[in-house]
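So the structure is just underneath, and the comments pick up after that.
Protein chains in written order, with the working numbering: chain A, 71 to 410; chain B, 1316 to 1786.
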């Protein structure tokens, strides 16, 4: 039973990485788009691309937290006690990010747009870094069991956490760039297609390099997960590599649609690979999933909720993305772009 | 040196954790009515626009949905922070009771997801969806708002009336009955009370903006409609709320006697207890000051027995299992504020409804508009006061009779830092929110260049097969 809930949790984390991650990545490109004039076109694509869907994308995070605290409350307590600092930073970042993005759309003065834009973009980098660092802390066994606190700093300032944070930021940027190549094409912004294609290729290469370095980092610092990746999770690792290289090839060959699908595959398999690699532990190598799990009726209610979600939410999400992709949803025009 | 620094920075986290939770909740709860009720109010305007071909109603619905996009975004992120805070501030509570307490939140997640999805479709669907299908995409927002409220309040009610779990000798939850957790005894009335509150606060808040505009001379159809739709929702909800509140108070009298003793400020068990307006407890725990109405508290608790009704006093439980004297003062004052303002708002609602029923028009008095313009803020104060009553009234428990707040809190000594950071960030976000909403309203008034072609028009590129607008 605890394994079923663990799978549900992994589904949530993967969805958050794919949808929320692309959102954060969009913020990364916003940050690096340059001054008000030079960055106008990319920011237009970014605003158009994530406008209608960002809130739904971030509900996955709440989903993950709720499944974690309901299904594995003891592990949740350990994680929040130990990783107080990065999680607090992430929470602040989320507030600043969402609020500034909503505000920026509605303000007209360039200076206000710049301030809200800066807050949006900077927190878009901060949050995934913190999340990646948290994942690194868990994977490297720095979170103790029994709802107790580990080291407040070393737990997330360590090789695996740095790897997790940097990889998260890079992967988000990569996903976003790949998605926005597609969005720019739909918008008929041909210059921007090239713009984001170059960036997608660049981040794909960087992400690949980081992943290779990561193998050595994990070997020294997170042995259990390393061994898992080299055994149980090896098929996923290989699949991820193939998808990543494939998406790079398709990007170079200007096949955007295929590149997007393979990019999704590459990221999803990495996230799932992490989960498989640290199985059967939720906190390697101290706390097993089955030992951390809540009583069965609680786990059952999570499963029931998840099934209802699959029946109700997935079609709704599908409708949202369908309408969005068919351009039936009007992204609010950026006032700064249209007026004067 | 660094040890000295650490010991200076190491502050008892419990009061800071309480302050941070209280502050972030107080902030979030203002956005709740806008998320829950504004969707409904907007749909009323949208329906009127489509059914009666009312162009002003259409503009209102469209603009409201744009404001809603902003308030919902801030509500969504401040709600996400609360999710984090359950772990960051109350890890020991979550670690021990997460398997029961978490269940309503799993359900809430479902509704929140639905709300976010359909809000996005509704807000961004104005131009390119057809009128009636677009209207119907708004309906799930209303349903999800109601379901989400019910789930979150179920979790809060569970803290007041913990049920549906079995503890072993070590105090660990070993069995859970999810149904009993969600539908705990306090859940039904608390849920209805909060839902009606959301509708009346949302209604008064939106209407107050248009009352203000009317006071400044903008009395055209557009502004009157902008006032009448939300105010009618609030005015219908307000008398209902008084009845629900009365029922809930009596429920608290029967089921949470210590909280009730704090509400009515009753130090010792007695009959013929006076209703004391304001006042406080002195250091000996005796009621000081205030205006006493003889026997009224007893009579209200059970009108059948009248003034002979016995009210359990604070002294029936040990001092460390009931609110402190200071907390009792807070609960009692918050109660007086809630009931007092609630009564005022009910009178305002009855004035409006009476004039409508007998004269078929709005009250003409400027005084009415003045009070209506203030009703938004007043209803928010009422809401906050009600929340203070239920939360402070439960002290010192986080799970009543099972876990005290101090045993649920984090041991992280740096909470005071995050509290200050939260204070700063929320101040910036709150002020920006108000400024942005004002800016939008100014822009709309100037002729709204941003609205482009208006709703339900065919796309520029491809002519729509359906005729534009309303059939």
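C-beta atoms are modelled at their ideal positions from N, C-alpha and C, and glycine is treated no differently.
Source: prediction; values computed, not measured.
Starting from residue i, trace the alpha helix (DSSP H) both ways and give me its first and last residue.
i	result
residue 1651 (chain B)	1640–1674
residue 93 (chain A)	91–101
residue 1703 (chain B)	1681–1707
residue 1434 (chain B)	1406–1439
residue 1721 (chain B)	1720–1723
residue 1748 (chain B)	1730–1760
residue 73 (chain A)	72–85
residue 1339 (chain B)	1328–1367
residue 1788 (chain B)	Lying outside 1316 to 1786, the shown extent of chain B, residue 1788 (chain B) is not represented and no answer is given.
residue 1624 (chain B)	Residue 1624 (chain B) -> no alpha helix (DSSP H), and no H or E assigned at all.
residue 1576 (chain B)	1572–1579
residue 326 (chain A)	326–348
For residue i, which residues in the same chain have their Cβ closer than 7 Å to its Cβ, ignoring the five residues on either side in sequence?
i	result
residue 254 (chain A)	115, 262, 263 and 266
residue 273 (chain A)	240, 243, 244 and 247
residue 1430 (chain B)	1456, 1459, 1460 and 1463
residue 329 (chain A)	248, 317, 320 and 321
residue 1595 (chain B)	1603, 1604 and 1644
residue 166 (chain A)	189 and 193
What residue range does the beta strand (DSSP E) around residue i cover?
i	result
residue 1498 (chain B)	Note, residue 1498 (chain B): premise wrong, no beta strand (DSSP E); not H, not E.
residue 351 (chain A)	351–353
residue 1714 (chain B)	1712–1714
residue 1480 (chain B)	1480–1482
residue 1591 (chain B)	1590–1592
residue 1489 (chain B)	1488–1491
residue 1607 (chain B)	1606–1608
Which same chain residues end up closer than 6 Å to residue i when comparing Cβ atoms and leaving out the 5 residues on each side of it in sequence?
i	result
residue 393 (chain A)	399
residue 79 (chain A)	137
residue 234 (chain A)	202, 203, 205 and 206
residue 340 (chain A)	310
residue 359 (chain A)	72, 76, 350 and 352
residue 1493 (chain B)	1418
residue 1611 (chain B)	1590
residue 1399 (chain B)	none
Find the residues of chain B that neighbour residue i, judging by a C-beta separation of less than 7 Å, and give them in chain order.
i	result
residue 371 (chain A)	1418, 1421 and 1493
residue 132 (chain A)	1395, 1398, 1424 and 1427
Which residue wins for smallest C-alpha separation from residue i, given the options the options?
i	options	result
residue 149 (chain A)	B:1746, B:1387, B:1389 and B:1403	B:1403
residue 145 (chain A)	A:340, A:230, A:212 and A:319	A:212
residue 257 (chain A)	A:158, A:395, A:236 and A:208	A:395
residue 1357 (chain B)	B:1411, B:1434 and B:1338	B:1434
residue 1436 (chain B)	B:1449, B:1672, B:1529 and B:1741	B:1449
residue 1614 (chain B)	B:1600, B:1561 and B:1632	B:1561
residue 1340 (chain B)	B:1585, B:1681 and B:1702	B:1702
residue 1440 (chain B)	B:1423, B:1718, B:1377 and B:1476	B:1377
residue 370 (chain A)	A:132, A:142 and A:135	A:142
residue 1543 (chain B)	B:1521, B:1362 and B:1530	B:1521
residue 1677 (chain B)	B:1559, B:1526, B:1567 and B:1757	B:1526
residue 1326 (chain B)	B:1476, B:1728 and B:1422	B:1728
residue 1495 (chain B)	B:1416, B:1446, B:1519 and B:1538	B:1416
residue 1593 (chain B)	B:1646, B:1537 and B:1624	B:1646
Report the neighbours of residue i on chain B: residues whose CB is nearer than 9 Å to its CB, in chain order.
i	result
residue 386 (chain A)	1428, 1429, 1432, 1433, 1436 and 1455
residue 217 (chain A)	1406, 1407, 1409, 1410 and 1411
Leaving out five residues before and five after residue i in sequence, what residues of the same chain have Cβ atoms less than 8 Å from its Cβ?
i	result
residue 1725 (chain B)	1328, 1332, 1403, 1404, 1405, 1406 and 1407
residue 1385 (chain B)	1748, 1751, 1752 and 1755
residue 109 (chain A)	100 and 103
residue 1414 (chain B)	1480, 1488 and 1491
residue 1782 (chain B)	Caution is warranted here: a pLDDT of 37 is assigned to residue 1782 (chain B), below 50, making its placement in the model unreliable, and the coordinate value is therefore given only provisionally. Here the set comprises nothing.
Output, in chain order, the set of chain A residues within a Cβ distance shorter than 7 Å of residue i.
i	result
residue 1393 (chain B)	165
residue 1733 (chain B)	158
residue 1384 (chain B)	172
residue 1444 (chain B)	398
Which chain A residues sit within Cβ distance under 9 Å of residue i?
i	result
residue 1756 (chain B)	What residue 1756 (chain B) touches in chain A: nothing, since even the nearest Cβ is about 11 Å away.
residue 1738 (chain B)	Under the 9 Å cutoff, chain A gives no residues; its nearest Cβ is about 12 Å from residue 1738 (chain B).
Name, please, each residue of chain B whose Cβ falls closer than 8 Å to the Cβ of residue i.
i	result
residue 143 (chain A)	1409, 1410, 1411, 1412, 1413, 1414 and 1417
Cβ closer than 8 Å: which chain A residues qualify as neighbours of residue i?
i	result
residue 1725 (chain B)	150, 151 and 154
ask   = In chain order, which beta strand (DSSP E) runs of at least 3 residues are fully inside the stretch 184–262 of chain A?
value = Within the stretch 184–262 of chain A, no complete beta strand (DSSP E) run reaches 3 residues.
task = Entirely within the stretch 105–170 of chain A and at least 4 residues each: give me those alpha helix (DSSP H) ranges in chain order.
result = 110–120, 124–141 and 143–152, all fully within the stretch 105–170 of chain A.
message = As an exercise, report each continuous beta strand (DSSP E) stretch of at least 3 residues that is fully enclosed by the stretch 1500–1544 of chain B, in chain order.
response = The qualifying runs do not exist here; there are none.
task = Give the residues from the stretch 351–365 of chain A that approach chain C closer than 9 Å (Cβ to any Cβ), ordered along the chain.
result = Within the model displayed, chain C is absent; protein chains A and B are what it includes.
request  = Ignoring anything shorter than 4 residues or poking outside the stretch 354–378 of chain A, list the alpha helix (DSSP H) runs there in chain order.
outcome  = With a minimum length of 4 residues, the continuous alpha helix (DSSP H) runs that stay inside the stretch 354–378 of chain A are 359–362.
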